[in-house]
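So the structure is just underneath, and the comments pick up after that.
Protein chains: 2
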Amino acid sequence: MNIALLGFGTIGSGVYELINLNKGKFASNFTDLEARKSSPVITKVLERDTTKDLGDDVGRIVTDPREILEDDSIGLVIALMGGMDFEYKMIKDCLKAGKHVVTANKAVISEYFQELLTLAEENGVVLRYEASVGGGIPIIGSLKEEMKINRVTEIKGILNGTTNFILSKMTEEGADFGETLAMAQSIGFAEADPTADVEGYDVSRKLSILSSMAYEGIIKDEDIYKRGITDIRAVDIEMLTSMGYVVKYLGHSILEEKNNVYSTVEPVLFKEASIMSNVNSEFNIISITGDIIGELQFYGKGAGKDATANAVVGDALYILNIVGDQNLPKPLRLNRKLNKVGTAIFKGKYYLRANLNDKEMLNQVLGAVETIAERKTVIVNDNRAYVVTSVIAANDFNMMAEKLKETVPEIFYARIYE
Amino acid sequence: MNIALLGFGTIGSGVYELINLNKGKFASNFTDLEARKSSPVITKVLERDTTKDLGDDVGRIVTDPREILEDDSIGLVIALMGGMDFEYKMIKDCLKAGKHVVTANKAVISEYFQELLTLAEENGVVLRYEASVGGGIPIIGSLKEEMKINRVTEIKGILNGTTNFILSKMTEEGADFGETLAMAQSIGFAEADPTADVEGYDVSRKLSILSSMAYEGIIKDEDIYKRGITDIRAVDIEMLTSMGYVVKYLGHSILEEKNNVYSTVEPVLFKEASIMSNVNSEFNIISITGDIIGELQFYGKGAGKDATANAVVGDALYILNIVGDQNLPKPLRLNRKLNKVGTAIFKGKYYLRANLNDKEMLNQVLGAVETIAERKTVIVNDNRAYVVTSVIAANDFNMMAEKLKETVPEIFYARIYE
Numbered sequence: 001m002n003i004a005l006l007g008f009g010t011i012g013s014g015v016y017e018l019i020n021l022n023k024g025k026f027a028s029n030f031t032d033l034e035a036r037k038s039s040p041v042i043t044k045v046l047e048r049d050t051t052k053d054l055g056d057d058v059g060r061i062v063t064d065p066r067e068i069l070e071d072d073s074i075g076l077v078i079a080l081m082g083g084m085d086f087e088y089k090m091i092k093d094c095l096k097a098g099k100h101v102v103t104a105n106k107a108v109i110s111e112y113f114q115e116l117l118t119l120a121e122e123n124g125v126v127l128r129y130e131a132s133v134g135g136g137i138p139i140i141g142s143l144k145e146e147m148k149i150n151r152v153t154e155i156k157g158i159l160n161g162t163t164n165f166i167l168s169k170m171t172e173e174g175a176d177f178g179e180t181l182a183m184a185q186s187i188g189f190a191e192a193d194p195t196a197d198v199e200g201y202d203v204s205r206k207l208s209i210l211s212s213m214a215y216e217g218i219i220k221d222e223d224i225y226k227r228g229i230t231d232i233r234a235v236d237i238e239m240l241t242s243m244g245y246v247v248k249y250l251g252h253s254i255l256e257e258k259n260n261v262y263s264t265v266e267p268v269l270f271k272e273a274s275i276m277s278n279v280n281s282e283f284n285i286i287s288i289t290g291d292i293i294g295e296l297q298f299y300g301k302g303a304g305k306d307a308t309a310n311a312v313v314g315d316a317l318y319i320l321n322i323v324g325d326q327n328l329p330k331p332l333r334l335n336r337k338l339n340k341v342g343t344a345i346f347k348g349k350y351y352l353r354a355n356l357n358d359k360e361m362l363n364q365v366l367g368a369v370e371t372i373a374e375r376k377t378v379i380v381n382d383n384r385a386y387v388v389t390s391v392i393a394a395n396d397f398n399m400m401a402e403k404l405k406e407t408v409p410e411i412f413y414a415r416i417y418e
Numbered sequence: 001m002n003i004a005l006l007g008f009g010t011i012g013s014g015v016y017e018l019i020n021l022n023k024g025k026f027a028s029n030f031t032d033l034e035a036r037k038s039s040p041v042i043t044k045v046l047e048r049d050t051t052k053d054l055g056d057d058v059g060r061i062v063t064d065p066r067e068i069l070e071d072d073s074i075g076l077v078i079a080l081m082g083g084m085d086f087e088y089k090m091i092k093d094c095l096k097a098g099k100h101v102v103t104a105n106k107a108v109i110s111e112y113f114q115e116l117l118t119l120a121e122e123n124g125v126v127l128r129y130e131a132s133v134g135g136g137i138p139i140i141g142s143l144k145e146e147m148k149i150n151r152v153t154e155i156k157g158i159l160n161g162t163t164n165f166i167l168s169k170m171t172e173e174g175a176d177f178g179e180t181l182a183m184a185q186s187i188g189f190a191e192a193d194p195t196a197d198v199e200g201y202d203v204s205r206k207l208s209i210l211s212s213m214a215y216e217g218i219i220k221d222e223d224i225y226k227r228g229i230t231d232i233r234a235v236d237i238e239m240l241t242s243m244g245y246v247v248k249y250l251g252h253s254i255l256e257e258k259n260n261v262y263s264t265v266e267p268v269l270f271k272e273a274s275i276m277s278n279v280n281s282e283f284n285i286i287s288i289t290g291d292i293i294g295e296l297q298f299y300g301k302g303a304g305k306d307a308t309a310n311a312v313v314g315d316a317l318y319i320l321n322i323v324g325d326q327n328l329p330k331p332l333r334l335n336r337k338l339n340k341v342g343t344a345i346f347k348g349k350y351y352l353r354a355n356l357n358d359k360e361m362l363n364q365v366l367g368a369v370e371t372i373a374e375r376k377t378v379i380v381n382d383n384r385a386y387v388v389t390s391v392i393a394a395n396d397f398n399m400m401a402e403k404l405k406e407t408v409p410e411i412f413y414a415r416i417y418e
């Protein structure tokens with residue numbers, strides 16, 4: 001069976017190196033070293049830039065999708081172009097053409113999950129998407145395994161390498177969000193348009209994939225509450241450090257009785273001495289909780305060429321290894337009717353920092369907090385108020401804080417994890 | 001295919017509940033709920049105590065091994081008796097009889113790894129042992145997966161629930177080892193004879209299994225340097241806490257050039273703000289490093305009925321799902337000649353506490369340290385000396401400290417992880 005690759009960017013070239021260029025141990029899964037030629041190879045790469053050097057003569061660049069769709073020697077397509085519409089169409093066309101598909105495209109999987117799974121099943125092929133969540137962390141496969149025995153009821157994690165890099169740097173250097181983002185952009189760790197990362201769309205897509213799988217129904221990106229990390233300032237880092245907290249960007253969903261699903265993507269504060277607080281830079285961590293196994297956590301590189309290519313090639317190997325087997329994997333079912341009921345289940349103490357124009361505004365902020373929570377700590381310094389509240393429901397605090405934003409010039413708030 | 005269970009202790013009864021008594025989702029892997037009866041069940045349980053209540057009428061207790069070995073309806077045997085000689089013989093006899101085997105017995109796997117793998121291959125059956133390391137953590141399967149693409153060169157982890165529970169309690173309560181062990185024994189978290197746990201035999205067996213797999217050669221229990229945790233006192237906990245360190249019991253092995261393998265099981269000090277320091281109580285964590293994927297960490301319950309039974313039943317499901325497939329898993333090869341070269345690669349600052357009879361002994365301790373390292377910190381208090389050294393090779397420090405023990409009445413020392 002031959003393999004086609006869609007896209008020869010960073011991850012694509014990493015995959016090509018692992019499969020065609022003898023980096024890593026891919027070939028050892030098929031043959032003795034002497035018989036290297038019988039292991040599957042990438043023979044075609046769909047790529048607009050025909051001047052790219054693949055590094056060997058086994059594969060060649062093609063620009064017309066039909067060269068892949070109509071090539072019967074190609075049984076497996078690895079879709080790594082990114083973006084939405086074209087890759088979605090290509091994945092559909094490949095499945096319809098009876099080709100197995102591996103992709104890292106979280107946007108496509110999150111948006112068209114049910115449709116693509118159904119298409120794969122109808123055409124007797126397999127769709128795999130390990131690298132769409134957590135980069136090199138083997139979370140998709142592990143979640144499927146645990147679901148064979150467990151009812152999974154909770155998923156949480158640090159799911160975005162860019163924002164975790166930014167928050168780690170801010171914590172390390174006591175820096176502002178804006179300057180740290182600019183630095184991350186300058187070294188290629190953040191996109192020119194960072195919206196998807198810093199406003200939570202990337203995390204919520206990943207959380208939607210994991211939640212849909214775990215709870216066996218569709219949770220879409222837009223069903224998930226999200227709040228970005230752009231309001232965090234150096235003064236927050238300084239205050240939180242002095243209080244013993246570290247801010248992390250957490251995706252979190254919980255399945256409760258009656259198929260109620262609560263989900264959120266937001267900055268959350270962890271005690272300095274905790275596992276989550278010590279997941280730094282481009283590393284991610286994902287926690288799943290099952291009724292038999294309890295909590296499992298998986299930690300690794302959430303981004304990067306080699307780690308992500310490793311996950312992609314692992315999927316490819318899985319498919320290459322089951323061709324001809326009588327026991328194909330049981331298709332995932334996403335047909336449970338889930339109720340997306342917001343963030344009502346989350347609660348905790350809250351940290352709030354408000355920049356004050358005058359004394360009047362301090363009274364306004366403290367008054368607003370007092371309508372819903374006890375103030376446990378109040379520090380006023382340099383025209384800023386820092387408040388830590390008693391335990392309070394997330395919904396109540398969020399509503400109060402968003403209302404405050406209408407008059408107070410600058411606010412940052414985050415729940416303390418407990 | 002029917003299943004037989006060897007042993008109906010804690011884990012055995014947990015496995016029985018998952019497979020036969022509809023706890024968890026095991027049955028959903030085979031049938032619609034209406035057709036429950038077609039899923040595999042445990043029909044025989046080998047157990048000396050015939051008065052035990054299995055909880056259903058599907059399985060029955062047998063006392064003669066031949067009732068299982070000679071029963072052709074039994075295709076899979078789950079070996080959970082523990083101990084060494086009898087379970088070893090049973091596993092061998094089952095493999096020879098053409099039955100797949102799942103076991104949690106780390107002692108048997110660690111000691112007879114190569115022989116049992118060969119026996120399984122010769123008889124066309126599968127041997128699985130996920131629960132032998134890390135309880136409910138899916139480390140064996142994950143390691144195998146990563147090895148398809150990666151050369152794994154390092155393994156480290158907190159691998160023993162009993163000692164991690166004891167160390168966590170000691171740290172939490174500033175308690176001595178002796179009293180904490182007694183408490184753990186009283187609530188069933190430590191055995192009446194705790195030697196295998198507190199002297200490192202349990203950890204080194206698990207590390208031997210992981211290292212043998214990862215480095216593709218045999219590393220035995222006795223090839224691994226080990227030092228117990230019995231010397232740790234409340235005064236150490238107090239001093240280490242004040243310095244910002246947490247003591248953990250770490251198994252650690254490294255593969256270097258020329259097939260040199262370094263390995264150690266010993267108490268190691270981690271900064272309070274680190275992932276390892278925050279793995280508490282019965283939880284375990286295992287880190288593997290591959291040349292493509294980088295570092296992956298797996299966290300979960302290292303012991304306990306349900307979590308361990310989950311891992312055992314996961315193995316059983318794996319086997320039940322591949323019966324009849326044309327692509328059986330590639331057998332593990334353990335035929336690389338590895339050189340077991342001790343602990344020479346490990347180095348770090350060292351913490352040493354010595355109880356002193358007199359001023360003369362203080363000079364003796366400081367003199368001994370100075371022959372091999374710079375003293376960075378020395379605190380003398382209440383007839384005890386606490387020393388933190390400069391970075392030094394583990395071999396040098398261990399030799400110096402063991403020699404000191406000949407004259408100094410009580411010593412504890414541990415490397416600071418870096």
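Heads up: the sequence lines are chains A and B, in that order.
In terms of full-length UniProt numbering, the first sequence has 326 at position 326, counting the first letter as 1, and numbering is strictly consecutive.
In terms of full-length UniProt numbering, the second sequence has 164 at position 164, counting the first letter as 1, and numbering is strictly consecutive.
The beta-carbon is built from N, C-alpha and C at its ideal position, and this holds for glycine as well.
Remember, it's a predicted structure, so these values are computed and weren't measured experimentally.
- One finds N327 in chain B with Cβ atoms closer than 7 Å to the Cβ of A/N321, taken in chain order.
- At a beta-carbon threshold of 8 Å, the residues of chain B lying near A/I275 are I275, N278, V279 and Y299, ordered along the chain.
- Proximity of chain B to A/E418 at the Cβ level (cut-off 9 Å) is not reached, the minimal Cβ distance being about 15 Å.
- Rounded to whole angstroms, A/D85 and B/L54 show a C-alpha spacing of 56 Å.
- The DSSP-derived three-state label of A/S28 is helix.
- DSSP assignment within the segment 222 to 307 of chain B yields the following whole beta strand (DSSP E) runs of 3 residues or more, N-terminal first: 245 to 255, 260 to 271, 283 to 290 and 294 to 301.
- B/D315 has a beta carbon lying at 8 Å or more from every beta carbon in chain A.
- For the C-beta of B/N22, not a single chain A residue is nearer than 9 Å; the gap to the nearest is close to 12 Å.
- Bridge pairing for A/G12: absent [DSSP].
- In this structure, DSSP gives A/K23 a state outside helix and strand, which the three-state scheme calls coil.
- For the segment 171 to 191 of chain B, the beta-carbon criterion of a distance under 7 Å to any beta-carbon of chain A is satisfied by none of its residues.
- Counting C-beta pairs closer than 8 Å gives three or more between the segment 297 to 310 of chain B and the segment 1 to 19 of chain B, which meets the contact rule.
- In the pairwise beta carbon analysis, the segment 345 to 359 of chain A is classified as not touching the segment 151 to 169 of chain A: fewer than three pairs are separated by under 8 Å.
- As DSSP reads the structure, B/R415 sits in a beta bridge with B/V268 and B/Y350.
- The DSSP-derived three-state label of B/A79 is strand.
- Taking 8 Å as the cut-off, the Cβ atoms of A/N327 and B/G324 count as close.
- Collapsing the DSSP output to three states places A/E199 in coil.
- Each residue's CA atom was taken as its position, placing B/N383 and B/M361 some 10 Å apart.
- Neighbours of B/I149 across chain A, judged by C-beta separation under 7 Å: L18, G24, K25, F26, N310, V313 and G314.
- Annotation: the continuous beta strand (DSSP E) that includes B/L5 extends over N2 to L6.
- The residues T180 and I237, in chain order, have a CB closer than 6 Å to that of B/M170 in the same chain once the five nearest residues on each side in sequence are set aside.
- At a cut-off of 8 Å, the C-beta of B/P331 has no neighbouring C-beta in chain A.
- The beta-carbon of A/A307 is placed less than 8 Å from the nearest beta-carbon of chain B.
- Note: B/E410 is bridge-paired with B/N355 in the DSSP secondary-structure output.
- Runs of the beta strand (DSSP E) lying entirely within the segment 72 to 150 of chain A, each at least 3 residues long, are 74 to 79 and 100 to 103 in chain order.
- DSSP places B/E173 in the helix class (H, G or I) of the three-state scheme.
- For B/N29, the chain A residues whose C-beta falls within less than 9 Å of its own C-beta are K148, I149 and K330, listed in chain order.
- Rounded to whole angstroms, B/D291 and B/G141 show a C-alpha spacing of 18 Å.
- Within 10 angstroms of the beta-carbon of A/D358 lie fewer than 16 other beta-carbons, which makes it exposed.
- Beta-bridge partners of B/K156 (DSSP): B/H252 and B/S287.
- Nearest Cα to A/S242 within the set A/N123, A/G217, A/L269 and A/I288: A/L269.
- With its beta carbon at least 8 Å from every one in chain B, A/I78 lies outside the interface.
- Between A/K226 and A/G244, the gap from beta carbon to beta carbon reaches 8 Å or more.
- Judged by DSSP in its simplified three-state form, B/I372 adopts helix.
- Between A/G9 and B/I42, the alpha-carbon positions lie close to 51 Å from each other.
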